Every structure is written in structure tokens, then in C-alpha cells.
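Please read the structure below before turning to the comments.
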Amino acid sequence: MAKRVQNQAKIDGYKQRAEALVAQMTLKEKVRQMLHAAPAIERLGIPAYNWWNEALHGVARAGVATVFPQAIGLAATFDEELLEAVADATATEGRAKYNMQQQYGDTDIYKGLTFWAPNVNIFRDPRWGRGHETYGEDPFLSGRLGVRYINGLQGNDEDYLKSAACAKHFAVHSGPEDIRHSFNAETSIQDLYETYLPAFQACVQEAGVEAVMGAYNRTNGEPCCGSELLLERILRGEWGFDGHVVSDCWAIRDFHLHHKVTADEVESVALAVNRGCDINCGSLFIHLTEAVERGLVTEETIDRAVTRLFTTRMKLGMFDAPERVPYSAIGYAEVDSPPMQALNRQAAQSSLVLLKNDGLLPLDRSTIRTIGVIGPNANNRRALVGNYEGTASRYITVLEGIQDAVGDDIRVFYSEGCHLYKDKVEALGEVGDRLSEVKGVCAQSDVVVVCLGLDASLEGEEGDTGNQYGSGDKRDLAFPGLQEEVLRTAYESGKPVILVVLAGSAMGLGWAEAHVPAILQGWYPGSQGGRVIADAIFGAFSPEGKLPITLYHSVDELPEFTDYAMQGRTYRYMQQEALYPFGYGLSYTQFSLSDVRVDGELSSERGIQVSARLRNDGGIAGGEALQVYVKAEREGTPNPQLKAFRKVRLQPQEEQEITLDLPLEAFGLYDEQGKRMLYAGDYTVYVGTSQPDSRSRALTGQQPTAFKLASDRERQL
């Protein structure tokens, strides 16, 4: 879908109105408007406004709202339309809550219409604690899903924004969390343009995102929130971004406290604003008054920033009569409504990835009298929602979902098994104080569901409460504490075992792959995730998710966490086989491709068109993602890269013709100067339902169709 159609005359009018309003303010008033908690200016009729709000996977931190699957789970859907629908629903609830809160004069934090989402950073290393906030490791997938999420948040009205989205954290940012305030991420210009920038560029130039948030760290020596390269030359220069830039929270103080690029607060705020950072999440911009007095910032620069901010508020309709703004009519009854809950279940269903199935799933309930549900995530609400979450009116854990699904027909036995990461559940107990209960439950059960993984108390943002490592990152891929011992104990019982993994990142599944007959990756599946997982286990629908990340054997395969070079990272640059590859996911049904063809030539400016017929050959309905990868057959180039995809849902024996476009840019690669080049030589286009790598072929038994193309000349794209 194209960028939201904007009425340019209307936008110009907003800017003129904003300029006129800013012209009436004193310097002190203008500076205070550049803080995230902007105070009212009563003499000008300007109400207080708090810019800080979150909507990563639903409206967050402001009471009841639909809690959709975490972003990494949404990425696993490989479904652009679904992402836009989830974002549109989020914006609807955001407007409904905002309209209600305004009615009662509530302008607190998390009560505005400026949502600091999506996070389109690249999940380059599985140790990064915030990776589950992203759309995975691939720049193209992240860009497509980011664009559609922004489209949904910002709406399709040509005059007004439904809400204002924000692409974050610009731009080379993915851990480590514990040193993010002082860390310098060093990257080549080639990796910068090939990997770290494409998703942001799509958000800016295709989706017209209203805001961009800088990152905490430095990139190649410059703090991201005050970077000439990132903010001036690339964002506003090359890409023509005309929205506003917000700092990450309290990131400006890092300039002098940790990055040591400025001497004090005044120099730090001057650097940020001069480079184009318009609003401070935090309070340090209060020093801008002194920065102007000392000649470090001009008042014209302040005016430019504040005008950008009020232009956004104008676009949101905050200074127009409610009857003129269509979104002002959205009522509070839209929040947590039955249609929202139905969409939540759909999103969760689409996100589940079936990693392994030796015929155990789906379970035939007529053959089961008892079922054991074991593990620290079996009844853990936190493992449903990830971070940056809202409050659900009801949470359904995996245990509760299975109990509800079987009713009185099947006896459900439960054991927590172990603490999520400690070696005992009870403080006064002995190590492994629930292992005998695990054995007892297994002895009573015909089949055992083991629920392991993490939650946002273990993987997340630096400083999150309860993080056992103090930063939010993982040290390795191992299940914490005694979790794997619980799994092995269940396996040794001789009963069939289904492993359900609730985590936002790659876990070490090597032992499970070798021993457990069925593995389901559940991510953080949202407030109703337990119901959906139970439905999947009993065959109410077929899992259809695909991995948006690589599941490695071990972190020993990876470069150092602090190494931002892409060589050896992600499916695009790794040389070894993955345990479970990017783009992989099984189904309960069988799909086939036929009439696969590629039309066009690389000498044409129109690019290439890929067509195929996808058929559901099985006996149940299911969804499948057609995936197209491109490989430049030259030494030193990346592995085949995802360049087009489409999710299709088909009834049994139904088939559908799918056509995807591959523009010339899909064949381009960036050089060491950041120029995208179409090189002379051979290219291979792979069309299938997974990557063309050897591990995907071994796991699926399917071979993508390959087409050879050639470019007869070199040119810049």
C-alpha cells in the first residue's frame, strides 16, 4: 500500500498556523514546549500535552487496552495486511482513550496521540534483550512491516492523522543494553546502508512517518541524537524527512556524562538541537534558554523545532473543533471490544511457528484421558505479553487455555516445574524442589505439554525491574535455571512431549530438536495467547508463522556481541547451517507451488515480476507465505536475501495465483560509499515458501524454484 495520501495544502496550512502560534511565544515558553511533558500556555489557549506514549503492540501503560502479540510475534506472521489491521485497531483504541481522557482533563504521561512505535532496529544478535520489540533480523521484512504498522497508526484521512507514529531507534542500535549510554557502535558505510538504514528509509519515504527517535549510543563516534551523519545528512538531507525528531529518554545527558563529546548540559542540548533533535524525552532541554544566551543555539533554530512540534499537533486535530476531526467521534466502547479481541486471536494464531512435528500434533482428544501441563511459563501471565504492554481485561495462560479447551472431558495435571530462573521455587526448599512433582504429573498423564522460555523480567530494556543479569540481555541461548532439566525429566518419563517456547528471541533448542517430537514457538503471544496455543495443540487451526530470526545452535557461532559488522550474522551473512532458519515454519496441511515464472529483464527499468500458483493440497485450511529471495552471484555478496513475500490463506484444495513485483532495487547492493549499485553479472531469483538454504530444504523437503537473470552493465540505482 502506498504512503497515506496527504492534502499538501492542508499540511502547509498547519505549518503556517504553527509558525504564527510560535511567533507569539517567549523564548522560555518555546523551550518548555520542547520537553516531552509540555506545559500549558494559557494566554495562547495551548493545553498541556505529554508527548510520551507507547503502542508497540497495542496501547500501552494507560489502563485497559487490547494486548496484541509482541512485535517479534507480529513479524512471524509475514502478513503486511494483518500488521496494518493491528496498528489501525491500536490507533482506534488510542483515540478512544484519548477522547475519554480529554473529557476528564487527563493529560498525564501515556495519554497522548504520539506513539513511539514501531521499533525497526535490526535484531542482529540473539543476545539483545530488546530484540523482541523489533520485526526481526531482516531489513526488507522489517521495512515492509514497519511501513504497514505506520500506515495503520496514522490512518488514511487526507487531512488529519489518526495518531502519530515514530520510527525508532535511529539508527545503529541493538545492544548491549548495559553499556548503551556510553557505547560506540562502529559500522562500515556499506553495512550502514545495506542493513541498518533500509527499514528506516522505508518508514520515512514510503509511510511518511511523523517522527523519528534517536538512539542512546554513538554511531561511528557521534551520539545518535546529535549526529550530523544520521540526522542532517541522511534523515533530513538524503531522505527529505520533514517531521520531528525526539531523543530517547534522558539520552541527551549521555553526551557529556558518558560519551564525553560535550562539556556540560548546555553544550549537550545545543549539539542535539543544532543537529535537528526537536524534542527531549526528559528535562535537559530546559537548558536551551542558556544555550541561546551563550550564542550556542539561535532562537531561529528553536523556532524551527517548536514549529515542527506544533505542526504535528495541528495534524492530529488538537487545535480544531472536534466536529471537524473525524477521529474525535471514536467512543470509549471501542476499547477491548469483541472485534478487538477477535483480531487479537487472529494475530496470535498467525504468529505461532511450528518448528517440529513428528506427527504428534494436532492432538486427537478422543485418545487422551489425561494431559500434563508443566513449566514456569505454563501459567505465567508475563510470558504472554512481553514489554511495552497495556493492561488486558483478561489473560489466558497456556494452562488456562488447555483447561478451557478440554473442559471436564480430560483431566489436566499441572506443575510449575521450576522457577523461571532460580534453582528452586520456595526460598526454604532444596534445589529442584518441584522435580518430583514433574515426575508425578508425567506418570499421571497420557501426553505432556512443557512450557519453557523467558519473560520481560529476563529479556528487555536496561534497568527493567527484576532482570537477573542487570541489563536485559542474555549471556547465551540456554534456558535459565532448571528449565532444561524439567524438559529432560518429562522426556525421560516416556510420555509424548510437546514443547511450547514463550520467548522473544532465539533459545537453545538443540537438545529438544534431537529428542522432543513437537516444538511450538509461541513468542509472547498476547493476552489471549494461552487460548490460541491450546487451539493449535488440538487442531482448531493450523500454525502458519515463519521465523523472522535465525535460531542458532549456540552463541559460539557468532561474533562478539559488541561487533556491529554484519559478517557472520543473520541468515544474510552466516556461513554455517542454522538450527532453524529465518523464513522457516511448518503447517498441519501441505502446500505446493506450480506455474512458477519470472517475467522481465534486468535491462528494463520496470524490474521483474514473479508469479506462482499456491495450492493447499491438504485436508484443512491453512496459511502460507510465498517468499522470493535474490542472490547476486558475485564473490563477497550476501546470501540470498528476502525481497518479496505474500501471506495467503487457503481452504483445502483451494489454489490462488500470486504475483509479486521485484523492482531493480531488489537486485542492487550498496558499495563502500553508500551507493546502491546494480552490478553487471548473474543473479538468481528463488521462489518458494522458505529460504533456499540447505537446512530449510532438509527440514521442509521442498526445493525453491530458481531462475537465472543477468545484468549486462553496471549502474547506480
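Heads up: the sequence shown begins at 1 in my numbering, then just goes up one per residue. Backbone N, C-alpha and C define an ideal beta-carbon position, used for all residues, glycine too. The structure presented is a predicted model; accordingly, all values stated were derived computationally and were not measured.
Is the distance from the Cβ of residue i to the Cβ of residue j below 8 Å?
i	j	result
S174	A91	no
L642	F310	no
V246	C281	yes
V31	L288	yes
C451	L502	yes
L435	P480	no
L614	I658	yes
V306	G317	no
A215	F170	yes
V209	C277	no
K315	Y98	no
I368	D446	yes
A347	V86	yes
G545	Y588	no
L626	A612	yes
V269	F285	yes
G674	E633	no
A60	E334	no
E177	S471	yes
Which residues bound the alpha helix (DSSP H) around residue i?
i	result
S696	694 to 700
K97	80 to 103
I519	From DSSP, I519 is part of no alpha helix (DSSP H) but of the beta strand (DSSP E) over 518 to 521.
V648	From DSSP, V648 is part of no alpha helix (DSSP H) but of the beta strand (DSSP E) over 641 to 650.
I150	139 to 154
Y629	Segment 622 to 632 is the beta strand (DSSP E) holding Y629; no alpha helix (DSSP H) there.
L487	483 to 492
Take residue i and list the residues in its own chain whose beta-carbon comes closer than 6 Å to its own, dropping the five residues that flank it on each side.
i	result
A38	Y49
M566	D191, T195, Y573
N344	T66, F68, G526, Q528
A2	Here the model assigns A2 a pLDDT of 44, short of 50, so the residue's position is not dependable and the matter cannot be decided.
E84	R148, N151, G152
S696	P581, Y584, S690
R676	G668, Y670, L717
Y686	Y629, P640, P692, P704, A706
Residues in its own chain within less than 8 Å of residue i by CB, not counting five upstream and five downstream?
i	result
A40	I46, P47, A48
L27	T289, V292, E299, I302
V425	E416, C418, H419, D433, R434
Within 10 Å of its beta-carbon, does residue i have 16 or more other beta-carbons around it, so buried, or fewer, so exposed?
i	result
G105	exposed
H132	buried
N428	Residue identity check: residue 428 is Leu in the sequence provided, not Asn. By the 10 Å Cβ count, L428 comes out exposed.
G701	exposed
Q653	exposed
L699	buried
R715	exposed
W51	buried
K168	buried
H515	exposed
V630	buried
R713	exposed
S415	buried
G407	exposed
E42	exposed
E624	buried
The beta strand (DSSP E) that contains residue i, what's its start and end?
i	result
S351	Premise fails: S351 lies in the alpha helix (DSSP H), 338 to 351, not in any beta strand (DSSP E).
Q609	608 to 616
E400	It is not in any beta strand (DSSP E) - E400 instead sits in the alpha helix (DSSP H) that spans 398 to 406.
S592	591 to 599
Q205	Taken as a continuous stretch (DSSP letters only), Q205 belongs to no beta strand (DSSP E), being part of the alpha helix (DSSP H) at 198 to 205.
E657	655 to 662
C166	166 to 170
Within 8 Å of any Cβ in chain C, is that where the Cβ of residue i sits?
i	result
D404	You won't find chain C in this structure, because it holds only one protein chain.
Bridge partners for residue i per DSSP, in chain order?
i	result
V67	Paired residue(s): none; V67 is not in a bridge.
L709	Y683
R130	DSSP output for R130 lists no bridge partner at all.
Y414	V373
In chain order, what residues of the same chain have a beta carbon less than 7 Å from the beta carbon of residue i, not counting five sequence neighbours either side?
i	result
S227	T219, R275
A75	Y135, G136, L141, L145, P548
A512	L487, L499, I519
Y14	T311, M314, K315
L579	L509, G510, E513, L551, Y552, H553
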